[in-house]
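Novice: Just passing along the structure, written as structure tokens.
Numbering (UniProt numbering), first residue to last: 1 to 688.
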């Protein structure tokens, strides 16, 4: 292999760059402030600073928050909906839930205004029978009205289109003849799955994002081409796989949580390579703290999530719990005298008070600076020469110390205790509250600030150890480089297992397989292997909730051999018994959906190439006083990237590197493993 692979993760505060030179296995990292409002500026700046010749780059893989931010900030395009008569308000009624538990009224507004939701005559029944063919002239009239009202994207949402897409397909064909751009989404193309609200919501949000995301990716692609880039440009999906740009432009909803998903993929690969199959990841950036759990080497996939209240997205994605507790999260005291952290963040501009760019409210980073845990002379990721410690201290005094009657150091420690408590709560949510014992897991902190809080997580959650990757500040960007290409499909079957038409099942599975393989071929990238996996959503008749049942399937020379009824029954019984501890005697098994995934396995680079090659004994480059609890401790400062394999560092110690700072608290020991990771455990015997 030759050439360079670049992973780019755009976060709320920083844009991270990971450059892998496949010819010699060397890697470089970079970090620049995220540009606002157009993230493409920071994206291109990061690449040009990391690589002088873009023409030497073979692959650029991008993890983006553009779609997520557009949803959270309601900055998508004005979108129209053309739907079945009587279903105009499905997006507004949702599941009859509400933003707040108490009160008679909610204040939720769908991303599509009611005046932009138009009805047309058509009706498909639940069994796929077309009772009323779609009125195409009504569709054209509605389309012209939406254009006159200023809509630049449109979604077709017809009842029961998952069972028979014919009416939607006819409407889409007519619509695309007169719609002035490509921003047309149909529910049967986005999510051919039962349950109207989830299908409508996902499709409407896809349409809402299309102009924003496709425009953003178009600007990136054009700028890369102008710089001489002639390789592959791919985008990370929420399921942890990657897709080509054309697919991302058609299905932008699949980019929700794209960046955090790349971090989980990288963390899982790093942990497995280091010998740990059970790991809880904690990605702490400037704006948020993202937590995910990997058990037995497998990331948890959720079939749907809610980006914000009422914004339900039903597409496979890595389960990630996000809280507003990043380095830039603002500390404030409420009217009741309670100290809070976030969710408001100072971001990269103006950033923490210590940046000196105009913010006067203290952040988590300011507390770390005041307590000596971050070197003010060497700030990461920006253009600053020095951090303003004095300004950070004044802000902490004014906004936290005085209201709580604490001195500066006590107020800074209080900020960290509250932040650590919130982060520990997120770790418990994904582990203890879901039946996993944290003692059997390692914690992998990454992002620019995660490694500063590893010791606190061990103490508060009871996790056995922490694994700090070689380049924790750019782990999500590294995940972009190693992620596989993956396409997910779903089709509602809504059939009883007894009497199942296995030929029909085989036809749908073959269709998913062929479409997935065609997408892999169209991507033009190299794969070391290709695989297709299948599963069924199943339940007993009368049950609302389903269990996910992996089914045994053989694929020979591209021909899918569907499972028998007996094989499906046995697989369902196993999963159901493992989940609920029993079966229902006499229960009638029902198949709701078929889910398929086609994956192209991309080449993984050997993490050992990132390991340190130095052999000189570890020696601190300096020392400084760092505040822990109630006292100052003289703390050794090390150049983390110069520590040889096998080094044992006893806390208190700080390991500095360009993309982050690693804190080893008193009573803990850090050990450099053969891959260059730092394993932090309770000491001193832990380092033996």
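Every residue, glycine too, gets a C-beta built ideally from N, C-alpha and C.
For residue 671, count the other beta carbons within 10 Å of its own beta carbon; 16 or more makes it buried, fewer makes it exposed. Which is it?
Specialist: Position 671 of the chain shown holds residue 671. Looking at its Cβ environment, which holds 16 or more other Cβ atoms inside 10 Å, residue 671 is buried.
Novice: Taking the Cβ atom as the reference point for each residue, do residue 323 and residue 344 lie within a distance shorter than 7 Å?
Specialist: Locating residue 323 in the chain shown gives position 323, where the first residue counts as 1. Locating residue 344 in the chain shown gives position 344, where the first residue counts as 1. No, the pair does not count as a contact, with Cβ atoms beyond the cut-off.
Novice: Can you tell me which of 376, 377, 421, 489 puts its alpha carbon nearest to the alpha carbon of residue 457?
Specialist: Residue numbering aside, residue 457 sits at position 457 when the chain shown is read from its first letter. When only C-alpha atoms are compared, the closest one is 421.
Novice: Can you give the beta carbon distance from residue 389 to residue 354, rounded, assuming they're within the 8 Å contact cut?
Specialist: The sequence position of residue 389 within the chain shown is 389, counting from 1. The sequence position of residue 354 within the chain shown is 354, counting from 1. With a Cβ gap of about 7 Å, residue 389 and residue 354 count as contacting.
Novice: Using the C-alpha atoms, what's the distance from residue 666 back to residue 683?
Specialist: In the chain shown, counting from the first residue as 1, residue 683 sits at position 683. In the chain shown, counting from the first residue as 1, residue 666 sits at position 666. For residue 683 and residue 666, the distance between alpha carbons rounds to 9 Å.
Novice: Between which two residues does the alpha helix (DSSP H) carrying residue 508 extend?
Specialist: In the chain shown, counting from the first residue as 1, residue 508 sits at position 508. 502–523 is the extent of the alpha helix (DSSP H) around residue 508.
Novice: Identify which residue in 242, 80, 66, 17 has its Cα closest to the Cα of residue 179.
Specialist: Counting from one through the chain shown, the residue named residue 179 turns up at place 179. Of the listed residues, the one whose Cα sits closest to residue 179 is 80.
Novice: Residue 164 by DSSP, collapsed to three states: which one?
Specialist: Here residue 164 refers to the residue found at position 164 of the chain shown. Reduced to three states, the DSSP call for residue 164 is coil.
Novice: Would the beta-carbon of residue 649 fall within 7 Å of that of residue 635?
Specialist: Translated into the one-based positions of the chain shown, residue 649 becomes position 649. Translated into the one-based positions of the chain shown, residue 635 becomes position 635. Taking 7 Å as the Cβ cut-off, residue 649 and residue 635 do not qualify as a contacting pair.
Novice: Does the separation of the CB atoms of residue 241 and residue 486 fall below 7 Å?
Specialist: Indexing the chain shown from 1 puts residue 241 at position 241. Indexing the chain shown from 1 puts residue 486 at position 486. In contact: residue 241 and residue 486 (Cβ atoms closer than 7 Å).
Novice: How far does the alpha helix (DSSP H) with residue 636 in it extend, from its first residue to its last?
Specialist: Here residue 636 is taken as the residue at index 636 of the chain shown, counted from 1. First-last for residue 636: 631–639, but that is the beta strand (DSSP E), not the alpha helix (DSSP H).
Novice: Taking 7 Å as the threshold (C-beta atoms), are residue 467 and residue 442 in contact?
Specialist: The residue labelled residue 442 in the question sits at position 442 within the chain shown. The residue labelled residue 467 in the question sits at position 467 within the chain shown. Contact: yes.
Novice: Distance, Cα to Cα, residue 492 vs residue 163?
Specialist: Within the chain shown, the letter at position 492 stands for residue 492. Within the chain shown, the letter at position 163 stands for residue 163. Answer to the nearest angstrom: the Cα atoms are 7 Å apart.
Novice: Whole beta strand (DSSP E) runs in the segment 114–169 with 3 or more residues, listed along the chain?
Specialist: 117–120, 130–132, 153–157
Novice: May I have the straight-line CA-CA distance separating residue 317 from residue 425, to the nearest angstrom?
Specialist: Your numbering for residue 317 matches position 317 in the chain shown. Your numbering for residue 425 matches position 425 in the chain shown. Straight-line Cα distance between these residues: approximately 22 Å.
Novice: Closest to residue 148 by C-alpha separation, out of 115, 135, 26, 134, would be which residue?
Specialist: Position 148 of the chain shown, counting from 1, holds the residue named residue 148. That would be 115, whose Cα lies nearest to the Cα of residue 148.
Novice: Closer than 6 Å by C-beta to residue 188: which residues in its own chain qualify, once you throw out the five before and the five after it? Chain order, please.
Specialist: By one-based count along the chain shown, residue 188 stands at place 188. Excluding positions up to five away in sequence, the list reads 161, 165, 168.
Novice: With DSSP collapsed to three states, give me the class of residue 592.
Specialist: Within the chain shown, the letter at position 592 stands for residue 592. Correct three-state label for residue 592: strand.
Novice: Could you pull the start and end residues of the beta strand (DSSP E) that residue 540 belongs to?
Specialist: Taking the chain shown and counting its residues from 1, the one referred to as residue 540 is at position 540. 529–540 is the extent of the beta strand (DSSP E) around residue 540.
Novice: Can you check whether the CB of residue 134 is closer than 7 Å to the CB of residue 122?
Specialist: Working through the chain shown from its first residue, we reach residue 122 at position 122. Working through the chain shown from its first residue, we reach residue 134 at position 134. Residue 122 is a Cβ neighbour of residue 134, given a cutoff of 7 Å.
Novice: Classify residue 317 as helix, strand or coil using the three-state DSSP reduction.
Specialist: Taking the first residue of the chain shown as 1, we reach residue 317 at position 317. Looking at residue 317 - three-state DSSP - the assignment turns out to be strand.
Novice: Below 8 Å CB to CB, which residues in the same chain sit around residue 644 once its five sequence neighbours on both sides are set aside?
Specialist: Here residue 644 refers to the residue found at position 644 when the chain shown is read from its first residue. Here the set comprises 612, 614, 615, 616, 617, 618, 672.
Novice: Taking the alpha-carbon positions, what's the residue 497 to residue 542 distance?
Specialist: To locate residue 497, count along the chain shown from 1; it is residue 497. To locate residue 542, count along the chain shown from 1; it is residue 542. Approximately 14 Å between the Cα atoms of the pair.
Novice: Within the chosen definition, does the segment 221–235 reach the segment 82–95 through at least 3 CB pairs nearer than 8 Å?
Specialist: no
Novice: Can you grab the Cα-Cα spacing for the pair residue 18 / residue 138, in whole Å?
Specialist: Mapped onto the chain shown, residue 18 falls at position 18. Mapped onto the chain shown, residue 138 falls at position 138. Straight-line Cα distance between these residues: approximately 51 Å.
Novice: Which same chain residues, not among the five before or five after residue 686, have their C-beta less than 6 Å away from its C-beta?
Specialist: The residue you call residue 686 lines up with position 686 of the chain shown. Low local confidence applies: a pLDDT of 47 at residue 686 is under 50, so the model's placement there is unreliable, with the coordinate-based value given in what follows. Spatial neighbours of residue 686 in its own chain (CB-CB distance under 6 Å, excluding positions within 5 residues in sequence) are listed in chain order as 669.
Novice: DSSP puts residue 681 in a beta bridge; with which residues?
Specialist: Numbered from its first residue, the chain shown carries residue 681 at position 681. Answer by DSSP bridge pairing, in chain order: 669.
Novice: From the DSSP output, read off the bridge partner residues of residue 235.
Specialist: Stepping through the chain shown from its first residue, residue 235 is reached at position 235. Answer is 62, 243, bridged to residue 235.
Novice: Restricting to runs no shorter than 3 residues, where is the beta strand (DSSP E) found entirely within the segment 555–626?
Specialist: 559–561, 589–601
Novice: Taking only three categories from DSSP, how would you classify residue 200?
Specialist: Within the chain shown, the letter at position 200 stands for residue 200. Residue state, collapsed to three classes: helix.
Novice: How would you call residue 97, buried or exposed, if buried means at least 16 neighbouring beta carbons within 10 angstroms?
Specialist: Here residue 97 refers to the residue found at position 97 of the chain shown. By the 10 Å Cβ count, residue 97 comes out exposed.
Novice: Return helix, strand or coil for residue 6, following the three-state DSSP convention.
Specialist: Counting from one through the chain shown, the residue named residue 6 turns up at place 6. Residue 6 falls in the strand class under three-state DSSP.
Novice: Assuming residue 11 and residue 268 make a contact with CB atoms under 8 Å, what is their CB distance in whole Å?
Specialist: Indexing the chain shown from 1 puts residue 11 at position 11. Indexing the chain shown from 1 puts residue 268 at position 268. Not quite, the Cβ-Cβ distance comes to about 19 Å (not below 8 Å), so this is no contact.
Novice: With DSSP as the reference, identify every bridge partner of residue 420, one or two as the case may be.
Specialist: Here residue 420 refers to the residue found at position 420 when the chain shown is read from its first residue. Per DSSP, none; premise fails for residue 420.
Novice: Counting only runs of 4+ residues fully inside the segment 330–358, write out the alpha helix (DSSP H) ranges in chain order.
Specialist: none
Novice: Is the number of C-beta pairs between the segment 509–529 and the segment 565–576 that are closer than 8 Å three or more?
Specialist: no
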